[in-house]
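Numbering (the working numbering), first residue to last: 1 to 362.
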């Protein structure tokens with residue numbers, strides 16, 4: 001059911017047959033020039049349940065978030081520190097040329113509670129040269145506000161994804177996918193305020209009004225994906241992806257990426273990936289509001305403005321077989337530049353990502 005991994009397909013040797021399970025631990029760090037840092041330790045265990053065809057999957061992650069970003073500074077708020085805890089439990093079952101999976105996710109932070117569930121399946125056809133897959137998703141979240149126990153707003157979401165993957169030749173894979181998502185409820189931030197009648201667009205003494213952010217309470221999202229991979233050599237492959245996104249807030253985006261993966265030694269893989277992203281603004285976004293925007297909505301969310309980004313990433317994995325099982329290590333380093341075309345107070349952000357993983361099969 002998973003899409004083609006950008007750094008793995010067609011270039012890795014077959015993984016060792018599962019023995020009993022898999023255990024992984026890792027840490028992810030992201031820091032950017034807007035004075036925001038995220039440190040995220042993660043743990044993941046995958047265990048057989050009676051047979052290799054049935055697997056139990058459990059993961060946990062902690063996001064330790066520290067920020068003094070432009071949004072926080074313009075609100076005259078000191079540096080914010082917050083922790084988010086997330087746990088996911090799932091079951092996967094394979095039978096012949098079919099498989100199904102179900103999972104539940106719980107996430108908690110001081111002002112946000114999230115619950116979601118997924119159910120998916122796939123079937124292999126034409127001697128496993130065609131794979132059809134689908135997934136259903138539903139979520140029930142609760143938005144809060146720190147220091148205000150009376151503020152509680154619901155957010156409901158749901159959606160579906162369908163994909164078709166084709167083995168065109170011995171060295172070529174092609175995939176099409178479509179995803180539909182919908183959300184109903186509170187989608188603004190209880191901490192962001194918007195200047196109305198201010199020449200500089202900021203909530204300061206020059207602003208005539210400084211009002212809480214107001215967003216539409218319904219949003220429908222559509223995404224189309226085309227993904228391909230071509231083996232150039234027994235140990236080298238090239239992948240490419242294009243994604244088009246459109247939603248009912250009239251935000252459009254284009255994502256294009258390309259990656260080159262090589263296997264320099266037995267059990268080792270290196271991949272270099274470049275991704276370019278561009279999006280338009282929503283219909284109600286304005287850098288400066290002299291009056292409420294269309295529909296009476298207004299926002300200070302820079303992710304709803306016109307923007308573009310470029311990301312370059314290098315990641316690698318190494319697996320060393322043992323008499324029983326194997327040891328795995330992995331690492332990633334990535335740099336991203338984000339440019340905002342029309343956002344007051346911030347024109348660009350540079351971000352650095354680092355991650356490391358240690359695990360094993362048993």
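Here a beta-carbon is modelled for each residue, glycine too, at the ideal position from N, C-alpha and C. Quick caveat, the model's predicted, so the values are computed rather than measured.
>> Looking only at its chain, what residues have a beta carbon closer than 7 Å to the beta carbon of residue 232, apart from the 5 residues adjacent to it on each side?
In response: The sequence position of residue 232 within the chain shown is 232, counting from 1. 238, listed in sequence order.
> Taking the alpha carbon of residue 228 as the point to measure from, which residue in 174, 186 and 107 has its own alpha carbon closest?
Replying inline: Position 228 of the chain shown, counted from the start, is the residue given in the question as residue 228. Looking from the CA of residue 228, the closest CA among 174, 186 and 107 belongs to 174.
> Are residue 211 and residue 196 closer than 8 Å when you measure CB to CB?
Replying inline: Within the chain shown, the letter at position 211 stands for residue 211. Within the chain shown, the letter at position 196 stands for residue 196. It is a contact, given that the beta carbons lie within the stated cut-off.
>> According to DSSP, residue 286 sits in a beta bridge with which residue or residues?
In response: As a first step, residue 286 is located in the chain shown; it is residue number 286 there, counting from the start. None; residue 286 has no bridge partner.
> For residue 283, which option in 269, 266, 306 and 263 has the closest C-alpha, if you only look at C-alpha atoms?
Replying inline: The sequence position of residue 283 within the chain shown is 283, counting from 1. Minimum Cα distance to residue 283 is reached at 306.
> Does the beta-carbon of residue 205 have 16 or more other beta-carbons within 10 angstroms, so that it is buried, or is it exposed?
Replying inline: Translated into positions along the chain shown, residue 205 becomes position 205. Flag for residue 205 reads exposed.
>> Starting from residue 137, trace the beta strand (DSSP E) in both directions and tell me its first and last residue.
In response: In the chain shown, residue 137 corresponds to position 137, counting from 1. Looking at the DSSP string, the run of the beta strand (DSSP E) that includes residue 137 is 130 to 145.
> If we call anything under 8 Å between Cβ atoms a contact, is residue 311 one with residue 334?
Replying inline: Residue 311 sits at position 311 when you count from the first residue of the chain shown. Residue 334 sits at position 334 when you count from the first residue of the chain shown. Yes.
>> In this structure, how does DSSP classify residue 322 when only helix, strand and coil are distinguished?
In response: Here the question's residue 322 lines up with position 322 in the chain shown. Three-state result, residue 322: coil.
>> Measuring CB atoms only, is the segment 152 to 166 touching the segment 119 to 132, in the sense that at least three cross pairs come out at less than 8 Å?
In response: yes
>> Just verifying my parser: in three-state terms, what is the DSSP assignment at residue 7?
In response: Locating residue 7 in the chain shown gives position 7, counting from the first residue. Reliability of the predicted coordinates at residue 7 is poor, the pLDDT of 41 falling under 50, and the value obtained from them is presented with this limitation in mind. Three-state result, residue 7: coil.
> DSSP beta-bridge partners for residue 115?
Replying inline: Residue numbering aside, residue 115 sits at position 115 when the chain shown is read from its first letter. DSSP lists 106 and 140 as partners of residue 115.
> How do the segment 143 to 158 and the segment 110 to 124 stand: do at least 3 beta-carbon pairs fall below 8 Å, yes or no?
Replying inline: yes
> Buried or exposed: which applies to residue 291, given that a residue is buried once 16 or more other Cβ atoms fall within 10 Å of its Cβ?
Replying inline: Position 291 of the chain shown, counted from the first residue, corresponds to residue 291. Exposed.
>> In chain order, what are the residue ranges of uninterrupted alpha helix (DSSP H) at least 4 long that sit wholly in the segment 41 to 96?
In response: 70 to 74
> Would DSSP call residue 296 helix, strand or coil?
Replying inline: On the chain shown, residue 296 is found 296 positions in, with the first residue counted as 1. Three-state result, residue 296: helix.
> If we count Cβ pairs, one from each stretch, closer than 8 Å, do we get three or more for the segment 268 to 281 versus the segment 238 to 256?
Replying inline: With a cut-off of 8 Å, the segment 238 to 256 and the segment 268 to 281 count as touching, because enough Cβ pairs lie within range.
>> Could you check whether the Cβ of residue 104 sits closer than 8 Å to any Cβ belonging to chain C?
In response: The structure shown contains no chain C; it is built from a single protein chain.
> Looking at C-alpha atoms only, which residue of 26, 31, 25 and 22 is the closest neighbour of residue 336?
Replying inline: Counting from one through the chain shown, the residue named residue 336 turns up at place 336. Here the closest residue by C-alpha is 31.
>> Measuring straight from C-alpha to C-alpha, what distance separates residue 383 and residue 343?
In response: With the chain running from 1 to 362 in the structure shown, residue 383 is simply not present.
> Are there 16 or more other CB atoms within 10 angstroms of the CB of residue 350, so buried, or fewer, so exposed?
Replying inline: Within the chain shown, numbered from 1, the residue matching residue 350 stands at position 350. It is exposed - the Cβ of residue 350 has fewer than 16 other Cβ atoms within 10 Å.
> By a C-beta neighbour count over all protein chains shown, 10 Å radius and 16 as the cutoff for buried, is residue 285 buried or exposed?
Replying inline: The sequence position of residue 285 within the chain shown is 285, counting from 1. With 16 or more other Cβ atoms within 10 Å, it is buried.
> Can you tell which of 150, 330, 151 and 247 has the C-alpha that lies nearest to the C-alpha of residue 270?
Replying inline: Looking up residue 270 in the chain shown gives position 270. For the residues 150, 330, 151 and 247, the minimum Cα distance to residue 270 belongs to 330.
>> If you measure between the beta carbons of residue 67 and residue 35, is that distance less than 8 Å?
In response: As a first step, residue 67 must be located in the chain shown, where it is residue number 67. As a first step, residue 35 must be located in the chain shown, where it is residue number 35. In contact: residue 67 and residue 35 (Cβ atoms closer than 8 Å).
>> Buried or exposed, going by whether 16 or more other CB atoms sit within 10 Å of the CB of residue 354?
In response: Here residue 354 refers to the residue found at position 354 of the chain shown. Classification of residue 354: exposed, given that the 10 Å Cβ count is below 16.
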